[in-house]
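Here is the structure we will look at, set down as structure tokens.
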Amino acid sequence: MNILYLHGLMSSHQTPKVSWLKDNGHHVYHPALNYKVEGSTIFSQLSSLLEKHDVALIIGSSMGGHLAYHLGNKFGIPTLLFNPSLAPNQVEKPEVDRITNTTILHTVVLGEKDDIVIPTQTIDYLNKANANYKHTFEENGHRTPIELLKKHFELIVS
């Protein structure tokens, strides 16, 4: 399966999560994203990547979840989102095309103890956006352990 993996604001594109996906036979596009410097161009750069490659799933964490959600809507690609930074807050987000797409499924995993991306605000955002989503609460904070990626990825592909 071809996967686009989008890391969070203070995270790296070189992660054990990407290694695990690759080790399990998937082709993973995992660009290094500089949200602060490239905020106005990241969405168009990722859109170009998706226009050239047949991606079946977009995985995003935190700020990467923000991009993944909007790219999924634009291109009709299902997403797996971990603590996506969707609701308005003090952190400046990359510019995106805001398209409503109620046909694709967003699988959203929220950390009950997350004090950076508040889970209830994420759910409120998704409801107001009329998003097609299912969500799960896990006992983690903002950081997502690799075990949760494995668990929720396997649920999607099985």
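When you line the sequence shown up against our numbering, it's residues 24 to 181, in that order.
Cβ atoms here follow ideal geometry from the backbone N, Cα and C, with glycine treated the same way.
In this text the structure is predicted, and so the values were computed from the model without any measurement.
Exercise. Is residue 81 near the ligand ADP, with its Cβ less than 7 angstroms from a heavy atom?
Worked result: For the ligand ADP, the structure offers nothing, since it holds no ligand at all.
Exercise. Could you give the distance in angstroms between the alpha-carbon of residue 51 and the alpha-carbon of residue 131?
Worked result: 20 angstroms
Exercise. Going by DSSP, which residues form a beta bridge with residue 25?
Worked result: 50
For this session: Go ahead and label residue 48 buried or exposed: buried means 16 or more other beta carbons lie within 10 angstroms of its beta carbon, across all protein chains shown.
Result: exposed
Exercise. Among residues of its own chain, excluding the 5 on either side of residue 171, which ones have a beta-carbon nearer than 6 angstroms to its beta-carbon?
Worked result: 161
Problem set entry | Nearest-angstrom beta carbon gap, residue 111 and residue 62 [assumed within contact, 8 angstroms] | Contact flag wrong, Cβ pair sits at about 15 angstroms.
Exercise. Excluding sequence positions up to five away, which residues of its chain have a Cβ less than 8 angstroms from the Cβ of residue 79?
Worked result: Excluding positions up to five away in sequence, the list reads 24, 25, 26, 100 and 101.
For this session: Could you check which residue in 32, 173, 155 and 31 has the C-alpha nearest to that of residue 96?
Result: Comparing C-alpha distances from residue 96 to each of 32, 173, 155 and 31 shows the shortest one belongs to 155.
Exercise. Does the beta-carbon of residue 40 have 16 or more other beta-carbons within 10 angstroms, so that it is buried, or is it exposed?
Worked result: Per the 10 Å Cβ criterion, buried.
For this session: Please state whether DSSP places residue 190 in a helix, a strand or coil.
Result: One cannot answer for residue 190 here, as it falls past the ends of the chain, which runs 24 to 181.
Exercise. Is residue 42 helix, strand or coil when you go by DSSP?
Worked result: helix
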